[in-house]
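The sequence shown begins at 1 in the UniProt record's numbering and counts up one residue at a time.
Yeah, the Cβ is synthetic: ideal placement off N, Cα and C, and Gly gets one too.
Working notes, beginning with the structure itself.
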Amino acid sequence: SSVAGTSGWIAPEIMTGQPYGLKVDIWSFGIVGIEMAEREVPYWNETPGLPQLQITTRGIPKLQQPNLFSPLLHDFLSCCLHKDERRRWSAKKLLQ
1 SSVAGTSGWI APEIMTGQPY GLKVDIWSFG IVGIEMAERE VPYWNETPGL
51 PQLQITTRGI PKLQQPNLFS PLLHDFLSCC LHKDERRRWS AKKLLQ
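So this is what it looks like as C-alpha cells:
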C-alpha cells in the first residue's frame with residue numbers, strides 16, 4: 001500500500017490512491033515529454049517535490065511556450081496526459 005516514485009511524474013490515479021494499470025507509465029512519459037521540450041518538470045519550481053498538488057488544483061500540465069512546438073507534439077502530449085486513465089492512449093496506439 002505504499003507509493004514509490006517521484007511526485008512530478010506520478011500519475012494522478014496513484015496520487016489519489018485509486019486502482020491503476022499500465023497507463024500510469026504513459027502519464028509519466030507525457031511528463032518526460034514536457035520536461036524534454038522545456039527542460040523543466042511541470043510545476044516543479046512552484047512547489048519543489050510536490051508538483052502533483054499543482055496538477056490537482058491547476059489542471060493537466062501544458063507546454064509553457066506552446067508556439068515553439070509543433071501541433072503534433074501538442075497532440076501527442078494530450079494523448080498521454082489525460083487524468084482519466086481510460087482516456088489515456090496505450091503505448092501501442094501512441095506508436096501508430
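Asked: Would you kindly check if the distance between the Cβ of L73 and the Cβ of L81 is under 9 Å?; Found: no
Asked: Consult DSSP for G59 and reduce its assignment to one of helix, strand or coil.; Found: coil
Asked: By alpha-carbon positions, which one of A11, P19, A91 and M36 ends up nearest to S28?; Found: A11
Asked: Given a cut-off of 9 Å on the beta-carbon distance, is the pair I14 and L77 in contact?; Found: no
Asked: I need the straight-line Cα distance from G59 to K83, nearest angstrom please.; Found: 9 Å
Asked: Could you tell me the boundaries of the alpha helix (DSSP H) in which I26 lies?; Found: V24 to E38
Asked: Rank G8, V32, L22 and K93 by C-alpha distance to the C-alpha of Y43 and give the top, closest one.; Found: G8
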